[in-house]
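Engineer: First, the structure itself, so that you have it in front of you.
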Amino acid sequence: MQNTNRKLKTVTIILLVSLFLNVIAIWGYQRLNTNQARLEIGVENGYQRSFLELSDDVEQIKLQLAHVLVSASKEQTILGLANLWRSVYGAINSLNSLPLVLEELEQTSAFLRDAAEYSYYLIRDKLLDEQQMAAQEWNKLEEFYERVKVVQEELSQIQAQILNESLRFSDLANLEDDEESAILSAFRNIESQIDTFPVIELEEGVRKIEPEPREIEGDLISEQAAIALAEDFYQNFFGEIAESKLEFTSTANKTPIYVISLINSEDREPVYIEVSQHGGHILQMYRYRFFAGSTLSVEEAEKIAEEFLSKMGFKNLALIDNIADNDSVDLTFVPVEKGVYIYSDMIKLMVALDNGEIMSFDQTSYITRHYQRNIEAPKLSKEEILSKMNPNLKVQSIRLALITDEYSVGEYLTYEVRGEVVGETFAVFVDANSGMERRIVRLSEDTQYQFNTSD
Amino acid sequence: MHKKFLIISLIVIILALVVEQNNSYAGKGTYSSNDTYMLAKMINGEARGEPYVGMVAVGAVILNRVEDKKFPDTVYGVCFQPGAFDAVSDGQYYLEPSQSAINAAKAAINGWDPTYGSLYYWNPKTATSKWIWSRTIITQIGEHVFGV
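Dropping the structure here:
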């Protein structure tokens, strides 16, 4: 009797415990599910918000374009163009926050950016110069308007569809390659509609340009010759080589190269060297090791770099920039001709501050851009430039510099005026012939924080 | 008079926003020390196991995107573009970066670029996107090819 009682008790306890565990398990599972669902909703909300911001910005772009087209006053035109410019950047940011394959929207985002660059160009080149906008410029704005109108109408249609059918952007992330999605096809539709419009031709000066590299002169060298040149260069300056091999031959670039890897005998560290196919110049070299703090000063490192450059056969170079940290210093040199610093023909070196070894070297800019220039004397004198500087700038130095412009081909002779304002150092490049401020470069650095590493 | 002042100050603001403010001649623009660390985390997540120059190259591609008008114009914008980088999608970005990744990030920010301005890179052995092969290959460094 007692035995059965005990058994019953045990069974009851077991039952109660398992029931309790079950309840806990179900509760836990539900909780996990709710958390998961909340996270997913959170992600989706973010996407929905980005989409709404995109529609809103595109609506604004359309409105501002119309605003500019209707206005007869310069003030309203500038305001409209400035707002347009801001809205485009907003739209592009939102577009970039959506889980869409952006290559598919290349035309749409490119045309939006063109609208921004064009409005900036009109403000900068026409309106600030007290010029009137010509008929062709109005026509161009109208062309932009027609395209934006299409994008805006499509977006508001997608928005209605999303609202109606509760479409989710998160689903796009899990889409298989050939799977259909209403959101995706709606965006593809925008892209194909933009594609049917003729390309808007923009005049020179609207888009930013990069200086074109010159073709390197000299005979085409063989792979074997390139490996031999890389080996010679390394042995000459750095040390013995255990292995060497050709990694890659590239002709896609304007500067055809051989990529060669070497192994340093002593520490087996890899070395990466690029040799130009024409003329066999050593364009870049990279090697790496762990650094043992700094025992050399930046000045000592500069000496080492200068010696290396003179052994390489360079003359009349001047240091324009050094960026140092605990391990190493990056040094940038440019040629100086008749007292003019030629900024586009750069040579970069990285020197280790523990033993003064040169770790990286890059003369691509120098090799692809340097030539004998005919630099004419400046029309304006130093004094004339200095008298027109912003009185807030405490001028420290002034020198002549040849720089490129971001929007036009060619180089400009400028006075580089370095000075201080609100506790920061700046270099202001003032055109030595027209007196126009061409570029303002901040030289002081932000606060450097100490960050954790995994080793 | 008041209106004119407004217009002029607006123009000044626009120009102030527009003038490119490189903080060195040689580097690629204005980046903070936080940007450097963010870039190091990207390099660590994307190119761990690559040689140093391969790490610099990955950093350079991210910064080339920041400069290119087809991509967002900030380091965070480029990194967090949905689906753009595996290291961000799978969370490897959040690991602590190695010292070499930090050094490579600094080098890329100081203007070193072994990729000739490339905007894309992929591993030819594991790339799943067909589209990526339509890019022009500029160079190959370690396991990655680089292209525009």
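Chains as they are written, first to last, in the numbering used here: chain A, 1275 to 1729; chain B, 27 to 174.
Glycine included, C-beta positions come from ideal geometry on N, C-alpha and C.
(1) Tell me, please, whether the CB atom of Q118 (chain B) is closer than 8 Å to any CB atom in chain A?
(2) Against chain A, does K132 (chain B) count as a neighbour if the rule is that its beta carbon must be under 8 Å from one of theirs?
(3) Exposed or buried, what is N1590 (chain A) when buried is set at 16 or more other beta-carbons lying within 10 Å of its beta-carbon?
(4) Note down, in chain order, all residues in the region 1665-1693 of chain A with a beta-carbon under 9 Å from any beta-carbon belonging to chain B.
(5) List, from N- to C-terminal side, the alpha helix (DSSP H) runs of 4 residues or more that fit wholly inside the region 1656-1717 of chain A.
(6) Taking just the CA atoms, how far does S1329 (chain A) sit from A1447 (chain A)?
(7) Distance check for L1536 (chain A) and G1513 (chain A), CA to CA, integer angstroms please.
(8) Buried or exposed for P108 (chain B), please, with buried defined as at least 16 other CB atoms from any protein chain shown within 10 angstroms of its CB.
(9) With a threshold of 8 Å between beta carbons, is P150 (chain B) in contact with chain A?
(10) Give me the Cα-Cα distance between K1662 (chain A) and R1712 (chain A), rounded to the nearest whole angstrom.
(11) Helix, strand or coil for V1375 (chain A), going by three-state DSSP, please let me know.
(12) Suppose you measure from the CA of P1530 (chain A) to the CA of L1660 (chain A); what does that come to, to the nearest Å?
(13) Which residue spans inside the region 1293-1322 of chain A form an unbroken alpha helix (DSSP H) run of at least 4?
(14) Would you kindly work out how many angstroms separate the C-alpha atoms of L1623 (chain A) and W159 (chain B), rounded to a whole number?
(15) Do you know how far the Cα of E1391 (chain A) is from the Cα of L1727 (chain A)?
(16) Helix, strand or coil for L1591 (chain A) per DSSP?
(17) What do you reckon, are the CB atoms on Q1381 (chain A) and E1465 (chain A) nearer than 8 Å?
(18) Taking Cβ positions, are D1331 (chain A) and G1364 (chain A) nearer each other than 8 Å?
(19) As a quick exercise: from B:N136, B:Q125, B:V171 and B:V79, pick the residue whose alpha carbon is nearest that of I67 (chain B).
(20) Using a Cβ-Cβ cut-off of 8 Å, state whether P1485 (chain A) counts as contacting chain B.
(21) Chain D partners of G71 (chain B), CB-CB under 9 Å?
(22) Does L121 (chain B) get closer than 8 Å to chain A when you measure Cβ to Cβ?
(23) Measuring only the C-alpha atoms, how far is T165 (chain B) from Y1532 (chain A)?
(24) Between N7 (chain B) and A127 (chain B), which are expected to be in contact by the criterion C-beta below 8 Å, what is the C-beta distance as a whole number of angstroms?
(25) Using only the heavy atoms of the ligand MG, determine whether one of them is closer than 7 Å to the beta carbon of S124 (chain B).
(26) Secondary structure at K1612 (chain A), three-state DSSP: helix, strand or coil?
(27) Distance cutoff 8 Å, beta carbons only. Does P1530 (chain A) sit that close to anything in chain B?
(28) Return no unless some Cβ of chain A is closer than 8 Å to the Cβ of G75 (chain B).
(29) Is W157 (chain B) buried or exposed, if buried means 16 or more other CB atoms sit within 10 Å of its CB?
(30) So is M27 (chain B) buried or exposed if we call it buried at 16+ other beta carbons inside 10 Å?
(31) According to DSSP, is A1566 (chain A) part of a helix, a strand, or is it coil?
(32) Measure the CB-CB distance between I1677 (chain A) and E1685 (chain A) and report whether it falls below 8 Å.
Structural biologist: With the given structure in hand:
(1) Here residue 118 (chain B) refers to the residue found at position 92 when the second sequence is read from its first residue. No - not a single Cβ of chain A is within 8 Å of the one on Q118 (chain B).
(2) As a position in the second sequence, residue 132 (chain B) is number 106, starting the count at 1. Yes - at least one Cβ of chain A is within 8 Å of the one on K132 (chain B).
(3) For this step, residue 1590 (chain A) is matched to residue 316 along the first sequence. That one is exposed.
(4) For the region 1665-1693 of chain A, which is checked against every Cβ of chain B, the residues closer than 9 Å are E1680.
(5) For the region 1656-1717 of chain A, whole alpha helix (DSSP H) runs of length 4 or above, ordered along the chain, are 1656-1661.
(6) Translated into the one-based positions of the first sequence, residue 1447 (chain A) becomes position 173. Translated into the one-based positions of the first sequence, residue 1329 (chain A) becomes position 55. Rounded to the nearest whole angstrom, the CA to CA distance from A1447 (chain A) to S1329 (chain A) is 21 Å.
(7) Here residue 1513 (chain A) is taken as the residue at index 239 of the first sequence, counted from 1. Here residue 1536 (chain A) is taken as the residue at index 262 of the first sequence, counted from 1. Approximately 11 Å, taken between the alpha carbons.
(8) Counting from 1 along the second sequence, the entry for residue 108 (chain B) is found at position 82. Around the CB of P108 (chain B), 16 or more other CB atoms lie within 10 Å, so the residue is classed as buried.
(9) On the second sequence, residue 150 (chain B) is found 124 positions in, with the first residue counted as 1. For P150 (chain B), not one C-beta of chain A is nearer than 8 Å to its own C-beta.
(10) Residue mapping note: residue 1662 (chain A) aligns to position 388 of the first sequence, counting from 1. Residue mapping note: residue 1712 (chain A) aligns to position 438 of the first sequence, counting from 1. A direct Cα-Cα distance of roughly 14 Å separates K1662 (chain A) from R1712 (chain A).
(11) Residue numbering aside, residue 1375 (chain A) sits at position 101 when the first sequence is read from its first letter. It is coil, neither helix nor strand.
(12) Position 256 of the first sequence, counted from the first residue, corresponds to residue 1530 (chain A). Position 386 of the first sequence, counted from the first residue, corresponds to residue 1660 (chain A). Their backbone Cα atoms lie some 44 Å apart in a straight line.
(13) Those alpha helix (DSSP H) runs which fall completely within the region 1293-1322 of chain A and span 4+ residues do not exist here.
(14) As a working mapping, residue 1623 (chain A) is identified with position 349 in the first sequence. As a working mapping, residue 159 (chain B) is identified with position 133 in the second sequence. Straight-line measurement puts the Cα of W159 (chain B) at about 34 Å from the Cα of L1623 (chain A).
(15) Counting from one through the first sequence, the residue named residue 1727 (chain A) turns up at place 453. Counting from one through the first sequence, the residue named residue 1391 (chain A) turns up at place 117. The displayed chain sequence assigns Thr, not Leu, to residue 1727 (chain A). So the alpha carbons of these two residues sit roughly 41 Å apart.
(16) The residue given as residue 1591 (chain A) occupies position 317 in the first sequence. When DSSP states are grouped into helix, strand and coil, L1591 (chain A) belongs to the strand group.
(17) On the first sequence, position 107 is the one that residue 1381 (chain A) refers to. On the first sequence, position 191 is the one that residue 1465 (chain A) refers to. For Q1381 (chain A) and E1465 (chain A), yes; Cβs fall inside 8 Å.
(18) The residue given as residue 1331 (chain A) occupies position 57 in the first sequence. The residue given as residue 1364 (chain A) occupies position 90 in the first sequence. Yes, the Cβ-Cβ distance between D1331 (chain A) and G1364 (chain A) is below 8 Å.
(19) In the second sequence, counting from the first residue as 1, residue 67 (chain B) sits at position 41. One detail in the question is off: residue 67 (chain B) reads as Lys in this sequence, not Ile. Nearest C-alpha to K67 (chain B): B:Q125.
(20) Residue numbering aside, residue 1485 (chain A) sits at position 211 when the first sequence is read from its first letter. No Cβ of chain B is located within less than 8 Å of the beta carbon of P1485 (chain A).
(21) No chain D appears in this structure, whose protein chains are A and B.
(22) Within the second sequence, residue 121 (chain B) is the residue found at index 95, counting from 1. With 8 Å as the cut-off, L121 (chain B) counts as an interface residue toward chain A.
(23) To locate residue 165 (chain B), count along the second sequence from 1; it is residue 139. To locate residue 1532 (chain A), count along the first sequence from 1; it is residue 258. Near 9 Å, if we compare the C-alpha coordinates of Y1532 (chain A) and T165 (chain B).
(24) Since the first residue of chain B shown is 27 and the last is 174, residue 7 (chain B) is not available in this structure.
(25) Annotation note on the ligand MG: not contained in the displayed structure, which lists no ligands.
(26) Translated into positions along the first sequence, residue 1612 (chain A) becomes position 338. Correct three-state label for K1612 (chain A): coil.
(27) Sequence index remark: in the first sequence, residue 1530 (chain A) carries index 256 (1-based). No - not a single Cβ of chain B is within 8 Å of the one on P1530 (chain A).
(28) As a working mapping, residue 75 (chain B) is identified with position 49 in the second sequence. Chain A, which has no Cβ nearer than 8 Å to the Cβ of G75 (chain B), makes this no.
(29) Along the second sequence, one-based indexing puts residue 157 (chain B) at 131. W157 (chain B) should be labelled exposed.
(30) Your numbering for residue 27 (chain B) matches position 1 in the second sequence. Residue placement at M27 (chain B) is poorly supported in this model, since its pLDDT is 46, which falls under 50; the coordinates still yield a value, given next. Residue burial annotation: M27 (chain B) is exposed, with fewer than 16 other C-beta atoms found within 10 angstroms of its C-beta.
(31) The count along the first sequence starts at 1 and reaches residue 1566 (chain A) at position 292. It is coil, neither helix nor strand.
(32) In the first sequence, residue 1677 (chain A) corresponds to position 403, counting from 1. In the first sequence, residue 1685 (chain A) corresponds to position 411, counting from 1. Yes; because the gap between Cβ atoms is below 8 Å, this pair is in contact.
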